[in-house]
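Let me begin by presenting the structure, written as structure tokens, before commenting on it.
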């Protein structure tokens, strides 16, 4: 499974509510009439979630604010992830107001004082999402604090100008702390004021996609983070700062894709080791609770055996596992248009998740999130993402609801896995 870094761009929701033609003719059941997924998994997996945009681009259609979308989400999901609105470029105001013009002093944990943008960070949409979560009694995964993609280029440059040179490590570390502190303290303050101090965001993806696909090394191409540090120091720092500013009952995750590939898996395990090696530091200890497996998988690839082996390897590091962005793609037109085959894939996948679910005294899978509300919005079919070239240019129907938010056989595969579990 290979992923374009624009996968989670604002174009990921471009097809929403368009009504693509479907290859399936089976009887449909509205998601509002189907049995509740979250109820089926209650007591088995803590959170069953879905990724959703706040607003469809470029039509500016409101998706998360839609009462009908919220009703379906409330019925089936106990968690949701914003596709884009919690990413750095959205909060940093990359598109509006653009590069910062006003500054103030910030002193980091090491005593270094730098200039940081004043009144730059944009939390209006963040607050709307938190309010919708509260109103519907649904938790959220925060995605994401540190990522090489969808982060303002000026954040890494001298004078906060995209034309500037990359700053030095000391300056970048202070900027990183300022950003993480600002986001985590804003969310906590909102929860304290509006939700009685109870957490809506139960987990943050602290660092996203820092491992290289091509071998046991860090992502070194297209990453300003790596260009400045040339090491995993920025990853360790991120978990130091997240641990310092996040409430202790909020989980901290490292999140990545292609996480079952042997070479990349080895690099992810090294990242976990690096972060955990600083858990006892006296000044700024790290904390990592979760390994996020995006799980953009294909039918039969990885095999269930390899998938399960990988999950167990991450659990063995003392971490819970979150399946953060799952859909199941097909490599042939015949498979893509065979709803029963997709059902079988989902059922055996969720049976495996349940075998490895978190228990009271045992680490395991505690959250599973589908990446997309329905087939009509799957990022795999968005032309600008170019993902279909990795899938033999086969149009995909990889989710459990069709484009009209009716159930597919795959939905019942997921449901049967839960109902048949001991």
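Residue numbers (this note's numbering): 969 to 1390.
We treat Cβ as the ideally placed atom computed from N, Cα and C, and that holds for glycine.
These figures come from a predicted structure and were not determined experimentally.
Which residue's Cα is closest to the Cα of residue i: the options?
i, options, result
"residue 1369", "1015, 1021, 1014 and 1040", "1040"
"residue 1059", "1090, 1018 and 1015", "1090"
"residue 1082", "1145, 1100, 1352 and 1302", "1145"
"residue 1387", "1315, 1349, 1328 and 1236", "1315"
"residue 1281", "1382, 1336, 1299 and 1260", "1260"
"residue 1182", "1214, 1236, 1169 and 1148", "1236"
"residue 998", "1306, 1375, 1105 and 1389", "1375"
"residue 1088", "1076, 1077, 1008 and 1056", "1056"
"residue 1084", "1149, 1348, 1159 and 1249", "1149"
"residue 1215", "1250, 1157, 1162 and 1328", "1157"
"residue 1366", "1349, 1034 and 1249", "1349"
Who are the Cβ neighbours of residue i in its own chain at under 7 Å, not counting the five residues just before and after it?
i, result
"residue 1319", "1385"
"residue 989", "Legend: pLDDT at residue 989 = 35, less than 50; position of this residue unreliable, no value from coordinates given."
"residue 1228", "1270, 1274, 1275 and 1278"
"residue 1080", "1138 and 1142"
"residue 1122", "1067, 1128, 1129 and 1130"
"residue 1006", "1016, 1044, 1045 and 1046"
"residue 1053", "1022, 1093, 1094 and 1097"
"residue 1313", "1267 and 1296"
"residue 1379", "1002, 1368 and 1369"
"residue 1179", "1186, 1187, 1224, 1232, 1235, 1236 and 1239"
"residue 1038", "1100 and 1104"
"residue 1008", "1383, 1386 and 1387"
Just checking my contact of residue i with residue j at CB under 8 Å: how many whole Å lie between their CB atoms?
i, j, result
"residue 1377", "residue 1311", "4 Å"
"residue 1308", "residue 1343", "Actually they do not touch by this definition, with Cβ atoms about 16 Å apart."
"residue 1266", "residue 1297", "5 Å"
"residue 1346", "residue 1294", "Actually they do not touch by this definition, with Cβ atoms about 12 Å apart."
"residue 1340", "residue 1035", "Actually they do not touch by this definition, with Cβ atoms about 20 Å apart."
Output needed for residue i: all residues of its chain with C-beta closer than 8 Å, excluding positions within five of it in sequence on either side, in chain order.
i, result
"residue 1196", "1124, 1134, 1135, 1136, 1137, 1140 and 1202"
"residue 1108", "1047, 1048, 1049, 1050, 1097, 1098, 1101, 1168, 1169 and 1170"
"residue 1086", "1068, 1070, 1071 and 1072"
"residue 1191", "1116 and 1178"
"residue 1300", "1360 and 1362"
"residue 1165", "1159"
What residues in its chain sit with their C-beta under 6 Å from that of residue i, if we drop five residues either side in the sequence?
i, result
"residue 1257", "1219 and 1220"
"residue 1246", "1204 and 1254"
"residue 1027", "none"
"residue 1240", "1285"
"residue 1042", "1104"
"residue 1062", "1120"
"residue 1152", "1213 and 1214"
Indicate whether at least one CB of chain B lies closer than 8 Å to the CB of residue i.
i, result
"residue 1272", "Structure shown: chain B not included; a single protein chain is present."
Answer yes or no: the CB of residue i versus the heavy atoms of the ligand GDP, is any distance below 7 Å?
i, result
"residue 1310", "In terms of ligand content, the structure shown is empty, and the ligand GDP therefore cannot be addressed."
Contact between the segment 1121–1137 and the segment 1206–1214: three or more CB pairs below 8 Å?
Short answer: they don't touch.
Three or more C-beta pairs below 8 Å linking the segment 1274–1292 and the segment 1353–1362:
Below 8 Å, too few C-beta pairs join the segment 1274–1292 and the segment 1353–1362 to call them touching: fewer than three.
Tell me whether the segment 1013–1020 and the segment 1046–1056 touch, counting them as touching only if at least three CB pairs, one residue from each stretch, are closer than 8 Å.
Taking one beta carbon from each stretch, the segment 1013–1020 and the segment 1046–1056 have 3 or more pairs nearer than 8 Å; the two touch.
Complete alpha helix (DSSP H) runs within the segment 1056–1086 (minimum length 4 residues, chain order):
Listed in chain order, the complete alpha helix (DSSP H) runs (minimum 4 residues) inside the segment 1056–1086 are 1056–1059.
Can you list the alpha helix (DSSP H) stretches of 4 or more residues lying completely in the segment 1301–1345, in chain order?
As far as the segment 1301–1345 is concerned, its whole alpha helix (DSSP H) runs of at least 4 residues are 1301–1304 and 1307–1323.
I'd like to know if the segment 1110–1117 and the segment 1162–1176 are in contact, where contact means that at least 3 CB-CB pairs between them fall below 8 Å.
At 8 Å Cβ cutoff, the stretches touch.
Cβ contact (3+ pairs, closer than 8 Å) linking the segment 1018–1037 and the segment 1322–1336
Verdict: no, contact absent.
At what residue ranges does the segment 1245–1283 contain a whole run of the beta strand (DSSP E), taking only runs of 3 or more?
1258–1261 and 1264–1266, all fully within the segment 1245–1283.
Beta strand (DSSP E) runs contained entirely in the segment 1182–1234, provided each spans 3 or more residues
Taking only runs of at least 3 residues, the beta strand (DSSP E) segments lying wholly in the segment 1182–1234 are 1219–1224.
Write down every uninterrupted run of the alpha helix (DSSP H) in the segment 990–1045 whose length is 4 residues or greater and which is fully enclosed by it, in chain order.
Complete alpha helix (DSSP H) runs here, min 4: 1005–1009 and 1035–1044.
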